[in-house]
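**Q** Structure provided below as structure tokens; questions to follow.
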Amino acid sequence: MRLIRHRSPPMKALLAASLALATSGVFAQTATEAELARRLDQLAAELANVKAQLTQLQQKQAQPAAAAPAAPSSTPVAAATPPVAAAPPAPPAYSGSLLGPGTVLTSYGELNYNRPTRANQNATADVRRFVLGYQHRFDEKTKVVTELEIEHAVSSADDPGEVEVEQAYVERQVTPVWALRAGLFLMPVGLLNENHEPTAFYGVERNFVETAIIPSTWREGGVQVIGNFDNGLMVQGGITTGFDLNKWDATSTEGRESPLASIHQELALARAHDLAVFGALNWRGVPGLLLGGSLFTGQATQAQTSEKSRVTLWDLHARWTPGRWDFSTVYSRGTISNTAALNAALVGNPTLIPASFDGFYVQGAYKLWSHEDYALSPFVRWEQFNTAKSFADLGPGLTPDAARAERVVTVGANFQVSQGIVLKADYQRFRENADLNRFNLGLGWSF
Amino acid sequence: MRVVLAASAIVAAASAAVPTRAFAVDYLSAEQAAKLMFPDADAFETRQVALDAAQLQQLDAQGTRGRSANWPVRVAKRGGATLGFVVTDGVIGKVELIDYAVGIGLDGNIKQVEILSYRESHGFEIRLPAWRKQFVGKGNASTLRIGDDIANISGATLSCTHVTDGLRRIVAVVALARRAGALA
């Protein structure tokens with residue numbers, strides 16, 4: 526009751542407007558408009574008042590400046606006071622050394638809808654990835670970068686999701702050319718692995734070569750040295766954890782889908798008896814052109830058996846972005862040595878360890894239309910990949926047949942809503958297994 | 026008034042905290058960049074360009090967001106004659122600041138672009154001469170957009186885009202200021 530007694534006139538007007546809304550739509554609209562107009566007038570009056578005060582302040586600041594000779598400064602001065610249009614005594618220049626925030630929150634996410642055209646009962650909608658990360662700078666040359674990822678929305682004993690630390694490394698810029706990185710980092714392989722945010726690639730789903738052959742998002746724990754040279758060459762190399770062939774499950778098809786994704790360790794209590802080495806070269810000396818390659822190799826039985834086996838993966842890649850065009854290509858090939866001895870114990874199971882696997886794609890995209898931040902980029906991608914290109918000889922009747930290479934054509938478009946948001950739609954046609962043909966829709970963001 | 030005071034406090038705190046050197050790799054100071062761009066200059070006079078609301082709207086209409094109303098411009102002089110203009114600025118690449126300087130000739134076109142410091146882990150290549158040379162000779166009559174007349178660097182799209190947007194903005198600001206007689 527006290528509230529009603531002390532209600533101010535505007536509140537009464539609002540109450541009247543609310544009552545009117547309940548009884549007559551037309552009348553209510555008129556009353557609300559009148560109230561809005563009144564408030565606009567009030568705001569305009571307040572703004573005029575603030576402007577007048579600001580002018581007074583500026584005049585006060587300008588007076589001492591006018592008294593002194595307004596000699597132009599030849600040295601930059603950090604911005605200490607808001608600049609004034611009239612005769613600035615020592616105009617502030619851009620400081621050029623503001624560090625910006627020390628800690629930055631980053632995120633990316635992908636929400637995908639997949640609808641197989643021949644088996645649409647298998648259509649799914651999924652929060653494919655939701656990633657939160659931060660970058661924190663300890664000092665002017667040292668920072669930590671992390672990403673925490675949730676796949677498939679819910680992670681529990683009864684749900685399909687996973688929670689993963691995708692990156693967690695410290696980087697120190699040692700000289701203008703060389704930096705050191707240590708921790709859990711993304712391997713510098715192909716085009717996508719280190720740039721895997723949905724805004725950075727065409728198509729709802731990541732390409733098959735860089736998921737089935739290169740197990741994106743592939744990361745290892747270790748140390749890395751990074752060199753950036755004036756001729757456009759970037760050199761990366763280091764020592765890391767590697768794969769664990771003891772994880773190979775011959776009874777599942779996981780190894781057939783992606784041999785290396787089925788034995789990667791992701792620094793989750795990773796077996797680390799056998800370490801691996803890697804190196805990558807990327808050259809960007811000509812604007813719009815990237816040429817690069819990488820090599821990774823390491824033993825992978827981790828002293829769990831008497832057999833030794835080496836996993837090696839290499840790739841060559843190129844990207845060329847002349848004007849509105851965007852062309853890219855990747856070839857990658859992996860080998861696993863001594864698989865005859867390893868497979869001898871697995872004979873009879875559906876998925877033996879392949880001796881080699883490879884994949885190749887070419888992709889072209891064109892920015893067809895753009896307006897402010899909007900951009901529509903249709904693309905087409907052709908890829909061929911084989912996750913079991915060859916098997917070591919186990920003897921007649923025992924050696925599995927090499928798989929047939931799958932060929933996939935993807936046609937679609939990315940629609941950039943703003944610089945960090947993308948809508949995607951595409952159609953994928955599979956040459957070998959047409960049951961996988963599908964339409965895909967996606968929403969992604971990254972910042 | 027509280028807002029104004031708070032803003033002043035932030036500016037004061039920021040200026041007090043400004044370190045002399047920045048994160049990661051510093052290549053040039055603003056003064057070095059200015060001298061590099063106009064080696065014949067015997068003086069650089071700093072002028073404060075303050076855009077009014079109409080000028081900011083004009084920038085917006087050109088598809089160039091003004092961002093700030095206040096732009097310090099170094100005017101390169103030799104024997105009292107104007108040789109050109111140098112503006113230093115900073116834009117966020119992906120998450121870190123990129124400091125850069127641009128020299129603009131009397132024809133209003135970009136004469137030179139220099140990266141003063143770069144902090145991101147990727148995209149270092151924007152400081153390569155080949156990438157920066159793309160801007161030389163381009164000005165208000167040019168599109169100055171990634172994917173149009175400026176080529177991207179693979180893996181550094183945000184850095185490229187934001188620096189290009191920044192350069193387009195500075196070219197437009199200098200042109201506006203000159204038309205208004207602020208840099209005479």
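As they're listed, the protein sequences go chains A and B. Here the first sequence is numbered in our numbering, starting from 526 and rising by one per residue. Here the second sequence is numbered in our numbering, starting from 26 and rising by one per residue. Every residue gets a Cβ at the ideal spot worked out from N, C-alpha and C, and that includes glycine. Please read these numbers as outputs of a predicted model, since none were measured by experiment.
Looking at the structure shown, is Thr186/B part of a helix, part of a strand, or coil, going by DSSP?
**A** Here residue 186/B refers to the residue found at position 161 of the second sequence. Three-state DSSP puts Thr186/B in a helix.
**Q** Going by DSSP, what residue range makes up the alpha helix (DSSP H) through Gln210/B?
**A** This structure leaves residue 210/B out entirely; chain B is present only between 26 and 209.
**Q** Which residues mark the beginning and the end of the alpha helix (DSSP H) in which Met62/B is found?
**A** Residue numbering aside, residue 62/B sits at position 37 when the second sequence is read from its first letter. Ala55 to Met62 is the span of the alpha helix (DSSP H), which, as asked, contains Met62/B.
**Q** Going along chain A, which residues have a C-beta under 8 Å from Thr186/B?
**A** For the purposes of this step, residue 186/B is identified with residue 161 of the second sequence, where counting begins at 1. Per Cβ cutoff of 8 Å: Gln944.
**Q** Do you know whose CA, among Val934/A, Ala890/A and Thr924/A, lies nearest Trp907/A's CA?
**A** Along the first sequence, read from residue 1 onward, the residue named residue 907/A stands at position 382. That would be Val934/A, whose Cα lies nearest to the Cα of Trp907/A.
**Q** With a threshold of 16 other CB atoms inside 10 Å of the CB of Pro921/A, please say whether the residue is buried or exposed.
**A** Numbered from its first residue, the first sequence carries residue 921/A at position 396. Classification of Pro921/A: exposed, given that the 10 Å Cβ count is below 16.
**Q** Answer with buried or exposed for Ala197/B, where buried requires no fewer than 16 other C-beta atoms within 10 angstroms of its C-beta.
**A** Here residue 197/B refers to the residue found at position 172 when the second sequence is read from its first residue. A buried status is given to Ala197/B, since no fewer than 16 other beta-carbon atoms sit within 10 Å of its beta-carbon.
**Q** Could you check what DSSP says for Ile878/A in three-state terms: helix, strand or coil?
**A** Start at 1 with the first residue of the first sequence, and residue 878/A comes out as number 353. Looking at Ile878/A - three-state DSSP - the assignment turns out to be coil, as it is neither helix nor strand.
**Q** For Leu572/A, count neighbouring Cβ atoms within 10 angstroms of its own Cβ and tell me buried if that reaches 16, exposed if not.
**A** Locating residue 572/A in the first sequence gives position 47, counting from the first residue. So Leu572/A ends up on the exposed side.
**Q** Would you tell me roughly how many angstroms separate the C-alpha atoms of Phe821/A and Pro784/A, rounded to the nearest one?
**A** Taking the first sequence and counting its residues from 1, the one referred to as residue 821/A is at position 296. Taking the first sequence and counting its residues from 1, the one referred to as residue 784/A is at position 259. Using only the alpha carbons, I get a separation of about 15 Å.
**Q** Taking Cβ-Cβ distances shorter than 8 Å, what residues in chain B pair up with Leu815/A?
**A** Here residue 815/A corresponds to residue number 290 of the first sequence, with the count starting at 1. Neighbours of Leu815/A on chain B, chain order: Ile178, Ser179 and Gly180.
**Q** Does DSSP classify Trp156/B as helix, strand or coil?
**A** Locating residue 156/B in the second sequence gives position 131, counting from the first residue. Helix at Trp156/B.
**Q** For Ile135/B, tell me which candidate among Gly148/B, Phe160/B and Ala176/B has the shortest Cα-Cα distance.
**A** Taking the second sequence and counting its residues from 1, the one referred to as residue 135/B is at position 110. The shortest C-alpha separation from Ile135/B is found at Phe160/B.
**Q** Give me the Cα-Cα distance between Leu794/A and Val690/A, rounded to the nearest whole angstrom.
**A** Walking along the first sequence from the start, residue 794/A turns up at place 269. Walking along the first sequence from the start, residue 690/A turns up at place 165. For Leu794/A and Val690/A, the distance between alpha carbons rounds to 13 Å.
**Q** CA-CA distance, Gly104/B and Ala126/B?
**A** For the purposes of this step, residue 104/B is taken as the residue at position 79 of the second sequence. For the purposes of this step, residue 126/B is taken as the residue at position 101 of the second sequence. Rounded to whole angstroms, Gly104/B to Ala126/B spans 23 Å at the Cα level.
**Q** Closer than 8 Å, Cβ to any Cβ of chain B: which residues of the segment 682 to 698 of chain A, in chain order?
**A** Glu696 and Gln698
**Q** Note down the Cα distance separating Tyr687/A from Ile738/A, rounded to an integer number of angstroms.
**A** Mapped onto the first sequence, residue 687/A falls at position 162. Mapped onto the first sequence, residue 738/A falls at position 213. Note on residue identity: the sequence assigns Glu, not Tyr, to residue 687/A. Cα to Cα, the separation comes out at about 21 Å.
**Q** Since Gly818/A contacts Thr846/A with CB under 8 Å, what's their CB separation in whole angstroms?
**A** Translated into positions along the first sequence, residue 818/A becomes position 293. Translated into positions along the first sequence, residue 846/A becomes position 321. Not really, about 19 Å apart at Cβ, beyond 8 Å.
**Q** Got a sec, what are the start and stop residues for the beta strand (DSSP E) Ala650/A sits in?
**A** As a working note, residue 650/A is residue 125 in the first sequence. Here the beta strand (DSSP E) through Ala650/A covers Thr649 to Asp664.
**Q** Give me the DSSP bridge partner(s) of Tyr638/A.
**A** Residue mapping note: residue 638/A aligns to position 113 of the first sequence, counting from 1. Partner(s): Ala650/A and Leu966/A.
**Q** Does the Cβ-Cβ distance between Asn165/B and Gly133/B come in under 8 Å?
**A** What you label residue 165/B is simply residue 140 of the second sequence in a count that begins at 1. What you label residue 133/B is simply residue 108 of the second sequence in a count that begins at 1. For Asn165/B and Gly133/B, yes; Cβs fall inside 8 Å.
**Q** Report yes if the C-beta distance between Tyr638/A and Asn965/A is below 8 Å; otherwise report no.
**A** Numbered from 1 along the first sequence, position 113 holds the residue referred to as residue 638/A. Numbered from 1 along the first sequence, position 440 holds the residue referred to as residue 965/A. Yes, Cβ-Cβ distance for Tyr638/A and Asn965/A is below 8 Å.
**Q** Give the list of continuous beta strand (DSSP E) stretches no shorter than 3 residues that lie fully inside the segment 763 to 811 of chain A.
**A** 800 to 808
**Q** State yes or no: is the beta carbon of Gly172/B nearer than 8 Å to at least one beta carbon in chain A?
**A** Along the second sequence, read from residue 1 onward, the residue named residue 172/B stands at position 147. Chain A contact via Cβ: present.
**Q** Go ahead and pull the three-state DSSP assignment for Phe754/A.
**A** Taking the first sequence and counting its residues from 1, one reaches residue 754/A at position 229. Note: Phe754/A maps to coil in three-state DSSP.
**Q** Taking CB distances under 8 Å as the criterion, tell me whether Lys833/A reaches chain B.
**A** Reading the first sequence from its first residue, position 308 is the one you call residue 833/A. For Lys833/A, the answer is no, since every Cβ of chain B falls outside 8 Å of its Cβ.
**Q** Taking a contact to mean a Cβ-Cβ separation below 8 Å, would you say Glu672/A touches Arg654/A in this structure?
**A** Indexing the first sequence from 1 puts residue 672/A at position 147. Indexing the first sequence from 1 puts residue 654/A at position 129. It is not a contact, given that the beta carbons lie outside the stated cut-off.
**Q** Kindly indicate which three-state DSSP category Thr736/A falls into: helix, strand or coil?
**A** Locating residue 736/A in the first sequence gives position 211, where the first residue counts as 1. Thr736/A: helix per DSSP, three-state reduction.
**Q** Does any residue of chain B bring its CB to less than 8 Å from the CB of Asp812/A?
**A** Within the first sequence, numbered from 1, the residue matching residue 812/A stands at position 287. A small correction: the amino acid at residue 812/A is Pro; Asp does not occupy that position in the sequence shown. Judged by the 8 Å Cβ criterion, Pro812/A is in contact with chain B.
**Q** Could you check whether the segment 174 to 187 of chain B touches the segment 140 to 154 of chain B, counting it as contact only if at least three pairs of C-beta atoms, one from each stretch, sit closer than 8 Å?
**A** Touching, per the Cβ criterion.
**Q** Over what stretch of residues does the alpha helix (DSSP H) that includes Thr864/A continue unbroken?
**A** Reading the first sequence from its first residue, position 339 is the one you call residue 864/A. Where Thr864/A is concerned, the enclosing alpha helix (DSSP H) stretches over Thr864 to Ala869.
**Q** List, in chain order, every chain A residue whose beta-carbon is nearer than 7 Å to that of Val120/B.
**A** Within the second sequence, residue 120/B is the residue found at index 95, counting from 1. The answer, in chain order, is Val629, Thr631 and Gln660.
**Q** DSSP on Asp883/A, reduced to helix/strand/coil?
**A** In the first sequence, the residue the question calls residue 883/A occupies position 358. In this structure, Asp883/A counts as strand in the three-state DSSP scheme.
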